[in-house]
Amino acid sequence: MTKEEQLAQELQQKFNEMENVKVKIALLGQPGAGKSSLINSLLGRKLFEVGVHTDTTTEKQEARFEEIDIVDLPGYGTKAFPFELWKERFAPEQYDLYLFVFEGKLHDTDAQLFESLKEWKQERNHPYFIVRNKSDQIWDDEKSLSELKDAIRTDVYSKMGDRTADVFFTSCRDKSGLAELKEAIFGANIPEVKKSKLVAAFKAETTEDLNRKKRVCLDKVDSYAYMCALNGINPIPGVDVGIDIGILNKLMDEIRIVFGLDDEEKLEKYKFMLPAAKGLVEKVLQYTTVYGTTNVIKKMALQFIGKKPLKVVPFVGQAISAISGYMMTQYLGKEYIDTCYELTKLVLEDVIKKQNK
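So in the numbering used here, the last spot in the sequence shown is 413, and the numbers never skip.
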């Protein structure tokens with residue numbers, strides 16, 4: 057197998073993984089503990105309605121954002137669902153990772169769940185995270201916050217039979233603890249392709265978050281460039297570059313979503329809120345329609361037609377238009393990532409500046 061053929065095979069496989077691999081997250085724990093608010097805060101968008109899941113809920117709630125499937129499972133250890141019946145009905149072992157969210161005292165049935173969580177982590181490599189939410193409401197005038205948190209940890213350890221488990225204290229109101237929880241999730245032992253989808257989906261709160269998102273997007277570019285050129289057998293009229301406009305637009309859409317720039321109304325507001333953002337916003341908006349993307353390609357085409365590849369390209373015996381299309385998609389994709397990164401960084405810095413006033 058030649059280098060070109062091997063690269064083509066790798067790019068095709070990576071593209072298939074990006075298209076087909078999903079991540080399944082289960083939300084577990086007490087009704088009213090803020091599970092919906094927690095996942096909404098992690099994603100930075102309202103995926104679940106808040107406050108609709110109660111002790112009497114008997115059906116799971118499901119939502120999807122990009123390649124992330126999130127399921128809020130109903131309570132266990134209830135009259136409707138004794139623990140074993142709950143396991144049989146909802147097959148909780150199927151999920152990739154678990155967020156157990158609580159607010160008050162734990163129950164005896166939580167100990168049963170913890171045993172299962174430890175089992176699924178050991179046997180299936182499905183990590184779990186214990187989250188004490190609404191931590192901004194932890195208060196007792198006779199004890200310090202540190203003492204109260206230690207008491208909560210002790211309660212968790214007594215139910216788990218494990219003093220090494222981390223307990224994450226989060227608040228969706230003041231955003232405390234969310235960064236630590238995300239770091240733990242990103243550091244979990246899960247397949248890289250699934251981890252990249254979590255990085256892409258979770259809201260960026262820091263520059264390091266943005267850098268992670270940039271790396272995820274850059275990882276997409278080569279595979280998309282290959283598919284764009286492979287499927288762009290018929291060049292755009294008047295342009296001798298083979299590019300599948302639909303696939304290129306999908307790449308640009310995904311880059312915008314990863315950076316949280318998929319709301320055009322917000323993008324327009326950024327132009328007025330931040331004068332320095334105006335040019336970046338206009339560059340982002342160039343690729344929101346097929347018409348706009350086609351115009352960009354026509355303007356850029358002469359720079360790539362007949363350009364000699366500097367490295368191995370994944371085409372054997374293909375037309376020059378396909379090679380030009382591959383290289384052009386690489387260039388446009390990487391340039392767009394830089395534009396989205398700089399705009400998001402500008403907005404993030406403005407948010408942090410206002411918070412620190």
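Even for Gly, the Cβ is constructed at its ideal location relative to N, Cα and C.
Going by beta carbons, serine 172 and threonine 226 fall outside the 7 Å limit. Only buried fits methionine 216, as 16 or more other CB atoms lie within 10 angstroms of its CB. Residue nearest to isoleucine 194 within the set Tyr347, Phe224, Glu159 is Glu159 (criterion: CA-CA distance). Taking C-alpha positions only, glutamate 405 is separated from lysine 339 by approximately 20 Å.
In the three-state DSSP reduction, valine 407 falls in the helix class (H, G or I). In the assembly as shown, lysine 78 is an exposed residue. Its beta-carbon has fewer than 16 other beta-carbons within 10 Å. Bridge pairing for aspartate 125: Lys80, Arg120 [DSSP]. Counting C-beta atoms within 10 angstroms of its own C-beta, glycine 302 has fewer than 16 neighbours from the protein chains shown and is therefore classed as exposed. Nearest to alanine 244 by C-alpha distance, out of Tyr387, Asp222, Thr263, Asp230, is Asp222.
The distance from the Cβ of phenylalanine 104 to that of aspartate 128 is about 7 Å, consistent with a contact at the 8 Å cut-off. Looking at the DSSP output, tyrosine 382 sits in no beta bridge, so it has no partner there. Taking glutamate 236 as the centre and dropping the five residues before and after it, the same chain places the C-beta of Phe224 closer than 7 Å to its C-beta, in chain order.
For arginine 180, the uninterrupted alpha helix (DSSP H) run begins and ends at 164–180, by DSSP. Excluding residues up to 5 positions away in sequence, Leu204 lie with their Cβ nearer than 7 Å to the Cβ of aspartate 196 in the same chain. The continuous stretches of beta strand (DSSP E) do not include tyrosine 343, and DSSP gives it neither H nor E.
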